[in-house]
Amino acid sequence: MTHRVRKSVWGLPDGDETLMWYERAVEALWQLPVDNPRAWFFMGAVHGVPPSFPNIPARAQFWDQCQHQSWFFLPWHRGYITAFEAVVAEEVASLGGPEDWALPYWNYSQDLADNPDARRLPSPFRDQLKPDGTRNYLFSRRRLVTNGDFGLTDQIVSLAAMGFSDFTNSTPGVPSGFGGPVTGFNPGGGDSGALEQLPHNVIHVEIGGFMRDPRTAAFDPVFWLHHCNIDRLWETWRQDPLHADPASPLWLTGQPFDMHDGQGQPFSYTAQDMLDTTQILHGYLYDTIPSPVSPGDTTPDDTEALAMSSSGDPEIAGASEAPVRLGPTVTRTRVPMNTDVALAGPDEAPGSSRRVYLELQGIRGTGVAGNYAVLIDLPGDDMVPVRAGVLSTFGHARASRADAPHGGSGLNQIFDITAHAFSLGLTRGDTGALEVLIEPMGAADQAWGVPPGLEGVVAETDEPADVTIGRINVIFE
């Protein structure tokens, strides 16, 4: 059997028609009524929709199903992307295109020495009109920039998540593993797995527009290339003999998910069904699966994403005294430290089993916000604050709803700040406080180009952003 081969969008040769057929299929799927399982809007709504979207009989079973902050994040999206690919491939074939059309992936983490354009979108996503002067259905004016250059930095496209050895970890206060914490059916709220947090969430927010909100993200054609790449990274992680997917029946077969295939017929799948890509619907492979990334391949700035061995139960060594509301400029918060808690002696160097985490707990709010740089420092010193990581607000409004799975408690985000904590003397028990600085990154979102049928969606997701962090903790492990 010949399987579809997913290729890098920047590796497509001159004259390749993959994106041309993608655009033609998207245009055709736009024309289908929203209650058709193959329709562009139906498939986008499977990921998420705000309450104002049309109510149809299939809504409860098939819409608003995306799994985030969960160990089901990767297998659910693999089934979703493959189902979408099947629908587009069927449409491409019906339009006279190739029978083996496959979704390309956007490898924004590719070395710029190999491809200086890796972090930009190809021209078919940047041009508002096609060469014949008609509308280009791959273009979205709601993205933060329309020239395809989002200014993605090394930190934003970091592959430090690939250094995690454990797929899941549900210990409160520490990173939740490569793939996310143990949950049931969970459309958002709580901790993200390492790959979901970075680069997945951060890229969503950097692109902007529909991509900034889970309720509308899949309405942007670039969503599918982004998630195709995330799926490829999971497959890369799985090739390392030291890595393993969960063996628990709760993960493998405990949660079925509902989807439609290329003909619009319903089918169900579990995580176990997603482990062999050649056996999922039409079957697919990637053109290249790079060697797994080891912790030694990451840069010092990526240490927040590396899962190291545990030395004991986590202990809160410091906590902010009040909720922190983020503003349009840098927000400074003093986190008093418990001087009775020490992780190392005055002259002790950091050990591999000793970890220090910065936990942002209860990230809640409304609207569609951006990414934030998180830095740490000691109050009143003359040193330059050091970077802890990137706070992504992807899904924070959804996770703040009272009817959300976690009761509206919001998102959590955890950074490994071990190296910085030792250099700042934070672990010796003689530091009175830590200062946390949170600063907005990038440009504000824009509200342009509302597609027919999405007026209500845009009205809800364009409300002014409000972001509050319930508590900031320093955790010793």
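To convert, note that position 425 of the sequence shown is 424 in numbering that gives the first Met the number 0; the numbers rise steadily by one, no gaps. All C-beta atoms, glycine included, are put in the ideal place defined by N, C-alpha and C.
Note to self: Can you tell me whether T287 is buried or exposed? The criterion is at least 16 other CB atoms within 10 Å of its CB, across all chains shown.
What the structure shows: When all chains shown are included, T287 counts as exposed.
Note to self: Just to confirm, is the Cβ distance from Y356 to E476 under 8 Å?
What the structure shows: A contact, by the Cβ cut-off of 8 Å.
Next item on the list: State yes or no: is the C-beta of Q254 within less than 8 Å of the C-beta of F71?
Entry: Yes, Cβ-Cβ distance for Q254 and F71 is below 8 Å.
Next item on the list: Could you check which residue in A396, P378, G263 has the C-alpha nearest to that of T34?
Entry: Correcting the residue identity first, residue 34 is Asp in this sequence and not Thr. Minimum Cα-Cα distance from D34 among the listed residues A396, P378, G263 corresponds to G263.
Notebook entry, point to check: If you compare alpha carbons, which of D376, L423, L18 is closest to I437?
Noted result: Checking every option, the nearest Cα to that of I437 belongs to D376.
Next item on the list: Would you mind reading off the limits of the beta strand (DSSP E) that contains G47?
Entry: No beta strand (DSSP E) holds G47; DSSP gives it neither H nor E.
Next item on the list: Would you kindly check if the distance between the Cβ of L342 and the Cβ of Y371 is under 8 Å?
Entry: Going by C-beta atoms, Y371 is not nearer than 8 Å to L342.
Next item on the list: Counting only the same chain and skipping the five closest in sequence on each side, list residues whose C-beta sits under 7 Å from that of F177.
Entry: A160, F163, D165, F166, G192, A193, L194, W236.
Checklist line | E26 - containing alpha helix (DSSP H), residue span | finding: For E26, the enclosing alpha helix (DSSP H) has its first and last residue at 17-29.
Item checked: Minimum C-alpha distance to R3 - residue among W62, V48, E84 -> Per the C-alpha coordinates, the member of W62, V48, E84 positioned closest to R3 is E84.
Next item on the list: Verify whether the separation of the beta carbon atoms of W100 and V91 is less than 8 Å.
Entry: In terms of Cβ geometry, W100 and V91 form a close pair [threshold 8 Å].
Note to self: List, from N- to C-terminal side, the beta strand (DSSP E) runs of 3 residues or more that fit wholly inside the segment 315-341.
What the structure shows: Taking only runs of at least 3 residues, the beta strand (DSSP E) segments lying wholly in the segment 315-341 are 330-335.
Checklist line | Chain-order list of residues whose beta-carbon lies under 6 Å from that of K6 (same chain, five-residue window excluded) | finding: Hits under 6 Å: P103, D286.
Checklist line | Three-way DSSP call (helix, strand, coil) for I229 in this model | finding: DSSP places I229 in helix when its eight states are reduced to three.
Margin query: Going by the DSSP bridge assignment, what does P265 pair with across the sheet?
Written below: Its beta-bridge partners are H259.
Note to self: If distances are taken between C-alpha atoms only, which option among W223, W250, T215 comes closest to P180?
What the structure shows: From the listed residues W223, W250, T215, the smallest Cα separation to P180 is found for W250.
Notebook entry, point to check: Thinking just about the alpha-carbon of each residue, which of W20, L374, G469, A217 is nearest to the one in G407?
Noted result: Nearest option by C-alpha distance: G469.
Check: Three or more beta-carbon pairs under 8 Å between the segment 147-155 and the segment 39-49, yes or no?
Finding: Touching, no.
Check: Which residues does DSSP pair with Y356 in a beta bridge?
Finding: Partner(s): D415, I474.
Note to self: Could you compute how far the alpha carbon of P74 sits from the alpha carbon of M273?
What the structure shows: About 6 Å.
Notebook entry, point to check: Taking the beta strand (DSSP E) that L390 falls in, what are its first and last residues?
Noted result: Counting along the chain, the beta strand (DSSP E) containing L390 begins and ends at 385-390.
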